[in-house]
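Trainee: These protein sequences, in sequence, are chains E and U. Quick note on numbering: the first sequence equals residues 1 to 306 in this note's numbering. Quick note on numbering: the second sequence equals residues 307 to 805 in this note's numbering. Before we start, here is the structure in question, set down as structure tokens.
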Amino acid sequence: MLQYTLRRILVAVPSVLGVMIIVFAMVRLAPGDPAQNLAGEFADAETIELIRERFGLNEPTHVQFYRFVTGVLQGDLGTSTRTYRPVTTDLATFFPNTLELALGAITIALLFGIPSGILAALRPNSAFDLSVMIGALIGVSMPVFWFGLLAILIFSVQLGWFPVAGRGTLMHLVLPAITLGLSSMAIIARMTRSSMLEVLNQDFIRTARAKGLFDRGVVMKHALRNALVPVVTVIGLQFGALLAGAVITETVFSWPGIGRLLVDSIRARDYPVVQGAVLLIAVSFIVVNLVVDLVYGFIDPRIRYD
Amino acid sequence: MLRRIAAMLLVIGLFALAAAQGTLIIAQGTDPASLDAAKATDSPSATVYSHIYETLYELTADGEVVPQLATGVTVSSDNMTYVFDIRQGVTFHDGTPLTANEVKASIEQFLAPETAAPFRFLLDRIAEVNVLDTYKVEVKLASVFAPLITHLTHSSTAIVKTGVDLDATPIGTGPFEFVSWDRGQRVDLKRYEGYWGDKPGIDGLRFLAVPESTTRMALVETGEAHVAVRVPPQDIARLNANPNVTVEQVSSVRTIYIYFNHTMEPFTDVRVRQAINYAVDKEELVEFVLGGAARVSDAPISPGVFGYTPVGSYEFDPEKARELLAEAGFPDGFSTTLYSPNGRYLQDIQVSEAIQSQLARVGIDAQIETLEWNAYLAKTNMPAEENEVPFAMLGWGTVTGDADYGHFALFHSTQHVPNGSNRAFYANPTVDALLDQARTNTDPALRAVLYEEVMKLLWDDAAWLFLYSETQLVAVRDGVEGLVIHPTERYLAFDVSLR
């Protein structure tokens with residue numbers, strides 16, 4: 001298992017390098033200029049030149065790339081051309097906020113998604129099943145900004161139950177976490193349902209029932225455990241995506257997360273922050289996937305890592 | 307009896323004290339980019355740090371230049387040397403006194419190439435700064451520069467504590483001192499008890515970063531914020547219907563216009579440019595597209611800027627527009643491309659679409675091209691021979707409060723992009739000569755006359771399609787008194803009291 005983990009980490013190196021090359025090239029291919037953006041629409045050529053020099057933007061592209069790569073190896077991601085702050089400082093400020101929101105969202109998604117998926121699978125085509133599936137369809141298709149604003153208007157402005165926006169207490173987390181977790185909840189519920197349905201029709205479940213086991217024991221111990229592998233895959237993918245920041249939810253609720261930082265930085269052509277943030281997101285996605293792969297072994301002992 | 311009166315007075319006193327205190331909460335659209343005055347160009351940053359730092363001179367909301375950290379100035383007869391008297395009894399928030407040395411260090415730090423200050427050009431005529439005595443600073447210029455004093459009112463030229471990381475711990479001499487900054491969320495300031503002037507009536511200030519306008523408005527509706535900036539025009543009526551909220555409308559020094567590329571046919575013909583000015587109904591745009599949140603331009607710059615005088619109007623007259631087009635050889639109109647930003651200025655793309663339909667009525671077919679802001683800047687910033695943009699919307703805020711800033715970079719022929727900001731490639735020797743003269747002559751009365759002449763020339767020459775000045779829409783909760791909504795798009799709470 002340790003060997004497997006080490007091998008996976010080694011395999012991740014080319015992926016990370018690939019991400020670095022792509023993001024480095026993409027930000028520079030987009031039209032626009034960080035110095036022009038910082039200086040504003042009416043700055044003169046001299047000021048723009050000074051800013052370029054200050055941030056090393058007038059150096060040849062390959063030198064800039066070399067600096068980027070060697071910087072990453074030394075834990076230095078450069079200086080933001082929008083705020084003049086070290087990129088690592090910004091990432092260290094914003095990423096924990098994103099992690100908090102993502103954990104809140106995935107908790108809500110699991111808490112409601114898995115039980116409703118199981119219950120729906122136990123009574124296929126019942127009224128409950130139908131309502132869960134319709135609810136899931138609505139959850140997946142509802143625009144996040146619309147739901148978020150509606151939640152603010154109803155629960156904050158009208159009822160006054162939750163604060164309108166910002167981050168701080170647990171109460172601040174409730175509305176953004178529900179808003180963000182809604183589509184993950186829907187996807188997890190659907191996945192749990194279909195995976196459970198498949199397992200419940202298999203021979204070993206019939207055998208377990210024939211042995212006279214309690215229905216709850218059959219469902220929780222035999223069926224759920226076998227149904228979980230695809231569900232865990234989906235959870236991992238969803239959580240990875242949540243870690244990439246949720247720019248719409250973050251904007252609606254003024255949540256200071258990495259998605260907003262990234263979009264603001266793209267708008268300002270802040271190359272170092274865009275590079276740093278994308279790199280961090282890529283690495284966290286790789287880590288989440290690795291963790292998911294390791295979790296498979298615990299759920300299903302037949303899966304071996306060699 | 308006496309004791310009872312004393313007790314009552316004490317209670318009343320405590321109530322008065324409680325009423326005078328509290329924290330004012332202002333919801334802005336974004337987090338400040340930086341709290342180092344030299345390094346930020348956005349107005350949310352300037353709003354925050356204007357409470358922390360002070361400048362040598364101040365531009366009041368009425369457009370007057372008054373002394374702040376300087377108490378007076380003596381100018382040499384050749385207008386090349388300025389000696390400033392520095393206010394005595396002023397301390398920085400770390401307790402150190404302000405003297406000529408700090409002023410010199412602050413100006414030098416602003417001008418240092420390694421600072422790479424975006425607004426460096428405001429003071430780049432300064433050749434050297436010398437300390438004459440504890441409270442006297444001498445500034446020598448490289449060439450005569452009349453707008454120097456007004457440029458010293460610009461918030462980015464603030465006198466700061468040097469040698470510290472101002473972004474992390476901003477230290478100035480202003481009425482509020484820095485407490486904390488949760489990036490992406492809020493900045494907290496508190497009253498500076500050692501302030502030299504009248505101390506603020508509130509304990510502190512909190513600035514929230516709330517990008518979504520509906521959320522920002524909800525904050526002020528629920529009372530979680532006292533002030534919310536940039537009210538969407540469509541929300542004005544709803545907010546005003548709320549008994550606790552009022553939407554204040556204050557004009558801004560930002561002028562919105564559409565420039566012609568003066569090197570491209572058919573905009574080389576003044577009759578075509580005038581025809582377009584007549585064809586567009588500015589009143590209709592202001593009333594129906596902007597919900598009244600603008601003022602139709604009557605000069606290239608806005609009221610509240612030194613040198614402003616109303617110089618004319620192009621009344622909506624489609625008949626005259628058609629006549630002028632026919633005279634210019636376009637009886638059936640022509641086709642062109644109108645470049646427009648989307649989301650940079652209030653209702654920008656909507657205004658462009660309305661103009662498109664108004665131009666269609668006189669036979670001009672303007673296809674709208676909209677680009678993301680950076681791509682837009684890059685495209686309009688190309689040198690004349692590579693520039694493909696014939697007709698494009700932009701805004702300009704004369705934030706120094708001096709007409710020089712609103713004309714020189716935009717109309718002088720030495721300022722064609724990418725050198726300066728003259729994206730229209732406007733070139734007129736008479737305008738050049740007048741602008742040079744106004745820049746180097748220090749007599750305000752004469753300068754005002756020169757700018758009036760410049761503006762008349764530009765107006766009659768239809769150098770742009772002149773549109774309107776923006777109005778700032780700010781939702782303020784009842785009980786907030788004394789908030790200054792500054793035409794330079796800053797919100798100042800020096801004199802605020804909370805009921």
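The C-beta atom is built at its ideal place from N, Cα and C for all residues, glycine as well.
Counting only Cβ pairs nearer than 8 angstroms, list the residues of chain U close to A39 of chain E.
Mentor: Per Cβ cutoff of 8 angstroms: T347, P424.
Trainee: Taking DSSP as the reference, what is the three-state secondary structure of H399 of chain U?
Mentor: Note: H399 of chain U maps to coil in three-state DSSP.
Trainee: S382 of chain U: buried (16+ other C-beta within 10 angstroms of its C-beta) or exposed?
Mentor: With fewer than 16 other Cβ atoms within 10 Å, it is exposed.
Trainee: Quick one: does A241 of chain E have its CB under 9 angstroms from some CB of chain U?
Mentor: So no, A241 of chain E is outside the interface.
Trainee: From G788 of chain U to L798 of chain U, what distance separates their C-alpha atoms?
Mentor: Approximately 9 angstroms, taken between the alpha carbons.
Trainee: Is D300 of chain E close to chain U, meaning its C-beta is less than 9 angstroms from at least one C-beta of that chain?
Mentor: Output row for D300 of chain E: interface = no.
Trainee: Which runs of the beta strand (DSSP E) at least 3 residues long sit entirely within the segment 456-523 of chain U? Give them in chain order.
Mentor: Correct list: 482-488, 492-497, 510-515.
Trainee: At the level of alpha carbons, what is the spacing between A666 of chain U and L644 of chain U?
Mentor: Taking the straight line from one Cα to the other gives about 12 angstroms.
Trainee: Mind listing the chain U neighbours of G166 of chain E? Cutoff is C-beta to C-beta under 7 angstroms, in chain order.
Mentor: Here the neighbours are Q491, L514.
Trainee: For the structure I just gave you, are there three or more beta carbon pairs, one from the segment 172-183 of chain E and one from the segment 98-108 of chain E, closer than 8 angstroms?
Mentor: A contact exists between the segment 172-183 of chain E and the segment 98-108 of chain E.
Trainee: With DSSP as the reference, label M688 of chain U as helix, strand or coil.
Mentor: Of the three classes helix, strand and coil, the one that applies to M688 of chain U here is coil, per DSSP.
Trainee: 9 angstroms is my cut-off, CB to CB: does G726 of chain U come that close to chain E?
Mentor: Taking Cβ atoms only, chain E reaches closer than 9 angstroms to G726 of chain U, which makes this a yes.
Trainee: Which residue or residues does DSSP assign as beta-bridge partners of Y645 of chain U?
Mentor: Answer by DSSP bridge pairing, in chain order: U:E675, U:A698.
Trainee: Return the chain-ordered list of same chain residues with a C-beta closer than 6 angstroms to the C-beta of V72 of chain E, the five sequence neighbours on each side being excluded.
Mentor: Around V72 of chain E: no qualifying Cβ.
Trainee: With DSSP as the reference, please indicate the residues paired to Q778 of chain U in a beta bridge.
Mentor: DSSP lists U:V556 as partners of Q778 of chain U.
Trainee: Roughly how many angstroms lie between the CA atoms of I318 of chain U and V354 of chain U, to the nearest whole one?
Mentor: Bear in mind that the predicted position of I318 of chain U carries a pLDDT of just 43, short of 50, making it too unreliable to give a figure here.
Trainee: S826 of chain U touches chain E at which residues, Cβ-Cβ below 7 angstroms?
Mentor: Since the first residue of chain U shown is 307 and the last is 805, residue 826 of chain U is not available in this structure.
Trainee: Which runs of the beta strand (DSSP E) fall wholly inside the segment 353-419 of chain U and span at least 3 residues, in chain order?
Mentor: The segment 353-419 of chain U contains these whole beta strand (DSSP E) runs: 363-365, 371-373, 376-381, 387-392.
Trainee: Where does L773 of chain U sit, in a helix, a strand or coil, going by DSSP?
Mentor: Strand.
Trainee: Which one of U:F482, U:N687, U:D400, U:S803 has the shortest CA to CA distance from G726 of chain U?
Mentor: Checked all of U:F482, U:N687, U:D400, U:S803; the closest Cα to G726 of chain U is U:N687.
Trainee: Return no unless some Cβ of chain E is closer than 9 angstroms to the Cβ of Q721 of chain U.
Mentor: Yes, contact with chain E.
Trainee: Beta-carbon separation of E776 of chain U and L652 of chain U under 9 angstroms?
Mentor: Yes, Cβ-Cβ distance for E776 of chain U and L652 of chain U is below 9 angstroms.
Trainee: Along chain U, which residues have their Cβ under 9 angstroms away from the Cβ of A45 of chain E?
Mentor: Those within 9 angstroms of A45 of chain E in chain U are V723, P724, N725, G726.
Trainee: For D708 of chain U, write down the residues that DSSP places opposite it in a beta bridge.
Mentor: Beta-bridge pairing links D708 of chain U to U:F612.
Trainee: Within 10 angstroms of its Cβ, does L6 of chain E collect 16 or more other Cβ (buried), or is it exposed?
Mentor: By the neighbour-count rule (16 or more Cβ atoms within 10 Å), L6 of chain E is not buried but exposed.
Trainee: Can you pull the chain U residues whose beta carbon is under 8 angstroms from the beta carbon of Q36 of chain E, in chain order?
Mentor: Chain U residues near Q36 of chain E: N680, L683, A684, N687.
Trainee: For S284 of chain E, which residues in chain U fall below 9 angstroms Cβ to Cβ?
Mentor: Result: empty, since nearest Cβ-Cβ is about 19 angstroms, beyond 9 angstroms.
Trainee: How would you label L316 of chain U, buried or exposed, when you count the other beta carbons within 10 angstroms and need 16 or more for buried?
Mentor: Unreliable placement is indicated for L316 of chain U, whose pLDDT of 43 sits below 50; no coordinate value is reported for it.
Trainee: Rounding to the nearest angstrom, what Cα-Cα distance links I9 of chain E and V288 of chain E in this structure?
Mentor: Using only the alpha carbons, I get a separation of about 12 angstroms.
Trainee: So if DSSP puts F566 of chain U in a beta bridge, which residue, or which two residues, is it bridged to?
Mentor: BP columns for F566 of chain U point to U:F697.
Trainee: Would you say the segment 149-166 of chain E touches the segment 196-207 of chain E, given that touching needs at least three Cβ pairs under 8 angstroms?
Mentor: Not touching, per the Cβ criterion.
Trainee: Whole angstroms are fine: how far does the CA of R269 of chain E sit from the CA of L243 of chain E?
Mentor: Roughly 22 angstroms between the two C-alpha positions.
Trainee: Do D342 of chain U and L472 of chain U come within 9 angstroms of each other at the CB atom, strictly closer than that value?
Mentor: Cβ atoms of L472 of chain U and D342 of chain U: closer than 9 angstroms.
Trainee: Can you grab the Cα-Cα spacing for the pair E633 of chain U / Y584 of chain U, in whole Å?
Mentor: Cα-Cα distance, rounded: 14 angstroms.
Trainee: Does the beta-carbon distance from N550 of chain U to G529 of chain U come in below 9 angstroms?
Mentor: A contact, by the Cβ cut-off of 9 angstroms.
Trainee: Who are the Cβ neighbours of K626 of chain U in its own chain at under 6 angstroms, not counting the five residues just before and after it?
Mentor: Within the same chain, K626 of chain U has close Cβ partners Y584.
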